[in-house]
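Residue numbers (our numbering): 1 to 730.
Each residue gets a CB set at the ideal place from its N, CA and C atoms; glycine is no exception.
I have placed the structure first, in the form of structure tokens, so that the comments after it can refer back to it.
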Ligand code: MOS
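Have a look at this one:
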């Protein structure tokens with residue numbers, strides 16, 4: 001690339017792309033240390049039981065078995081992102097099928113696996129609770145003896161919904177459910193750990209936040225944080241699934257204890273059972289509007305299944321709760337968000353972080369209200385979408401940059417030119433086409449007063465009167481979204497350098513400062529500002545004759561916790577907005593839905609790298625196809641019925657629609673060069689857009705995700721029996 005060519009906004013390909021397609025790139029399962037041993041976990045495979053005895057004697061007699069570790073070997077046997085409530089190895093009881101009871105270390109992976117099979121564990125089964133709606137009842141079995149099952153009950157109370165319902169012209173009710181979703185990153189959990197020459201415990205793996213992984217690992221082994229080093233190899237996807245520690249502390253335990261290098265990798269089945277999922281939600285909604293389409297009340301109850309451990313459940317639940325009324329200015333809002341422990345797989349972060357579940361219900365309700373009023377779904381949105389200066393449901397002013405109307409109108413323009421003029425479904429054809437639209441709002445960055453910052457160090461290479469190059473230190477995961485290239489482009493732009501003159505030091509917890517997690521669509525905004533500010537400060541110091549280097553912490557505007565009873569507070573400092581239109585084809589004989597085309601319009605503030613922004617939109621829509629249609633994760637009585645990709649159906653290239661990503665650029669006041677995050681946004685309204693399109697095609701409303709052929713067929717039959725199903729006025 002030549003000097004002066006545009007560095008920001010240009011579609012520069014990823015520097016790591018070639019190695020990834022040739023196979024040269026090293027993922028955690030490719031890592032190797034001479035003399036390394038191999039670890040295998042003993043999973044509980046039962047949802048709730050007391051551990052009576054762990055007998056490792058038979059396993060220890062196998063040649064090549066070097067150790068069988070149990071809870072007694074872990075100095076501080078608790079971890080967790082928000083709350084340390086999860087044991088690394090269970091002591092007295094197990095709470096879900098993926099709990100680990102022992103860790104076997106052997107000379108080969110096969111020996112370790114044989115040892116794991118030979119470990120005898122005696123259990124006494126305990127009562128289970130596997131439905132969050134039962135878990136919240138006081139008499140239900142407790143998942144944790146020392147605490148109630150309800151992790152959080154967050155309320156929002158704005159205006160007076162009862163009065164609004166009494167005065168409304170139309171009231172619509174709905175009941176929705178969503179399922180678990182598996183992250184299905186291509187590279188299952190893997191890593192190696194060893195002690196280095198400096199006496200530090202080194203863990204090489206893949207994750208989303210170097211310094212948080214280090215904090216939790218150091219705490220478990222009672223070590224000072226500087227004595228623990230986390231390094232990230234190439235990742236193979238994350239999508240929130242590597243926010244929680246899954247395998248990494250297990251392999252760290254083996255190396256810490258035996259003081260030899262140890263490797264560990266999970267099979268797909270182990271990964272599916274062993275790491276957290278997207279939360280299933282049960283949502284009941286009651287919304288009201290005036291004849292002119294003004295939405296006057298939105299009442300929603302959301303009950304989420306948190307699974308056996310806390311993970312990030314309370315934060316996910318709060319996000320879902322604030323988005324329960326969608327991106328609409330509604331005067332009267334009453335929301336109850338509840339998340340409970342159950343004996344199911346723990347749930348936590350997954351792309352969208354509660355917003356896709358909340359939007360599936362909210363956007364479906366808006367379209368059903370329009371239907372009940374005989375209004376166009378476009379018109380009802382035009383009447384109610386947020387404007388600059390509106391307050392959100394938590395009662396405070398929305399952060400500046402409310403652009404949901406911009407993306408919505410742009411989406412309409414694109415849909416008019418790209419989607420067919422009103423498609424007339426032939427009376428005899430079993431293939432019915434329909435079009436659906438939905439809008440979305442999702443926070444960029446941490447919410448609810450969680451400390452938010454990113455720190456970067458920039459060291460300039462100066463010669464005479466010019467800057468020849470720069471080294472940027474910023475501890476941040478590239479989870480495949482391309483954050484390292486985006487941050488490098490920001491540094492090159494700020495210092496007026498060629499891209500090749502900027503070196504990035506990103507993947508070592510002890511060589512780079514803490515930039516927070518690669519999550520919440522935050523890294524371009526928060527990490528990007530830290531890099532930009534550090535570049536400017538280093539240059540200022542150099543021009544002032546000082547050392548040409550600087551470490552700068554960027555802190556975005558403050559947020560606050562929400563009042564538990566009213567929701568009052570400042571939840572977020574930045575939102576991303578999205579509008580989508582999709583065209584589907586429904587086979588009314590089988591209930592099979594195909595998404596043919598999808599338009600996804602995003603306000604990204606400023607596209608730092610257009611190719612990667614479009615890639616994020618396409619990737620999120622692929623996951624949206626899974627969430628909306630194909631990924632049916634089944635747990636029965638706490639047992640996972642779909643732990644294989646042969647039974648849990650990920651969408652393939654053949655399921656992908658023609659995707660039209662559209663970028664809108666209204667600069668964000670805080671983002672570097674105006675950029676705001678967008679990684680999660682395309683997943684947020686997608687399932688609701690598909691549901692609206694299925695309704696447009698067939699007259700049937702599907703209220704449960706995923707919309708499997710069976711569910712679609714049942715909905716079509718119900719709609720045929722009772723035409724009033726279509727947004728029945730109450
Ligand atoms: Mo994410 S769901 O913010 O890793």
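I think residue i touches residue j, with their Cβ atoms under 8 Å apart; what is that distance to the nearest whole Å?
i, j, result
"residue 361", "residue 325", "Contact doesn't hold; Cβ gap of about 10 Å is too wide."
"residue 340", "residue 149", "5 Å"
"residue 629", "residue 548", "With a Cβ gap of about 54 Å, residue 629 and residue 548 do not count as contacting."
"residue 447", "residue 318", "7 Å"
"residue 67", "residue 258", "6 Å"
"residue 677", "residue 509", "Rounded, the Cβ-Cβ distance is 23 Å, inconsistent with contact."
Tell me where the beta strand (DSSP E) around residue i begins and ends.
i, result
"residue 663", "658-664"
"residue 195", "190-195"
"residue 151", "150-158"
"residue 459", "454-463"
"residue 313", "No beta strand (DSSP E) holds residue 313; the alpha helix (DSSP H) holding it covers 313-322."
"residue 300", "295-307"
"residue 504", "502-505"
Label residue i either buried or exposed according to how many other C-beta atoms from any shown protein chain fall within 10 Å of its C-beta, with 16 as the threshold for buried.
i, result
"residue 489", "buried"
"residue 679", "buried"
"residue 104", "buried"
"residue 158", "buried"
"residue 2", "In this predicted model, residue 2 has a pLDDT of only 42, less than 50, meaning its place in the structure is not dependable enough to derive any value."
"residue 413", "exposed"
"residue 646", "exposed"
"residue 72", "exposed"
"residue 468", "exposed"
"residue 182", "buried"
"residue 163", "exposed"
"residue 682", "buried"
"residue 497", "buried"
"residue 757", "The first residue shown for the chain is 1 and the last is 730, placing residue 757 beyond what the model contains."
"residue 720", "exposed"
How many angstroms separate the CA atom of residue i from the CA atom of residue j?
i, j, result
"residue 482", "residue 54", "45 Å"
"residue 728", "residue 372", "Unreliable positioning characterises residue 728 in this predicted model, as indicated by a pLDDT of 44, which lies under 50. A coordinate reading is not provided."
"residue 438", "residue 581", "7 Å"
"residue 39", "residue 260", "12 Å"
"residue 784", "residue 609", "Residue 784 is absent from the structure shown; the chain starts at 1 and stops at 730."
"residue 248", "residue 503", "28 Å"
"residue 584", "residue 633", "23 Å"
"residue 666", "residue 392", "20 Å"
"residue 430", "residue 586", "8 Å"
"residue 217", "residue 9", "38 Å"
"residue 330", "residue 344", "35 Å"
"residue 538", "residue 472", "11 Å"
"residue 618", "residue 95", "37 Å"
"residue 405", "residue 396", "19 Å"
"residue 571", "residue 61", "56 Å"
"residue 151", "residue 513", "33 Å"
"residue 174", "residue 286", "6 Å"
"residue 84", "residue 210", "18 Å"
"residue 224", "residue 528", "29 Å"
Within a Cβ cutoff of 6 Å, which residues of the same chain sit near residue i, ignoring the five residues on either side of it in sequence?
i, result
"residue 301", "284 and 336"
"residue 121", "54 and 101"
"residue 236", "27, 185, 186 and 187"
"residue 511", "505"
"residue 453", "553 and 555"
Return the first residue and the last residue of the alpha helix (DSSP H) that residue i is part of.
i, result
"residue 384", "377-384"
"residue 396", "Premise fails: residue 396 is in no alpha helix (DSSP H) and is neither H nor E."
"residue 701", "Taken as a continuous stretch (DSSP letters only), residue 701 belongs to no alpha helix (DSSP H), as it is neither H nor E."
"residue 140", "Unbroken run through residue 140: none, as it is neither H nor E."
"residue 442", "Counting along the chain, residue 442 falls outside any alpha helix (DSSP H), though it belongs to the beta strand (DSSP E) covering 431-443."
"residue 387", "Neither: residue 387 is in no alpha helix (DSSP H) and is coded neither H nor E."
"residue 269", "268-274"
"residue 21", "17-22"
Between which residues of its own chain and residue i is the CB-CB distance below 8 Å, once the five residues before and five after are set aside?
i, result
"residue 32", "192 and 263"
"residue 561", "448, 449 and 569"
"residue 42", "100, 101, 102, 103, 104, 116, 119 and 121"
"residue 557", "399, 573 and 670"
"residue 36", "192, 194, 260, 261, 262 and 263"
"residue 542", "460, 462, 467 and 548"
Near residue i, which residues of its chain fall below 7 Å by C-beta distance, leaving aside the five closest residues on each side in sequence?
i, result
"residue 74", "88, 89, 220 and 253"
Between residue i and chain B, is there a C-beta pair that is closer than 8 Å?
i, result
"residue 389", "Protein chain content of the structure displayed is limited to a single chain, and chain B is not contained in it."
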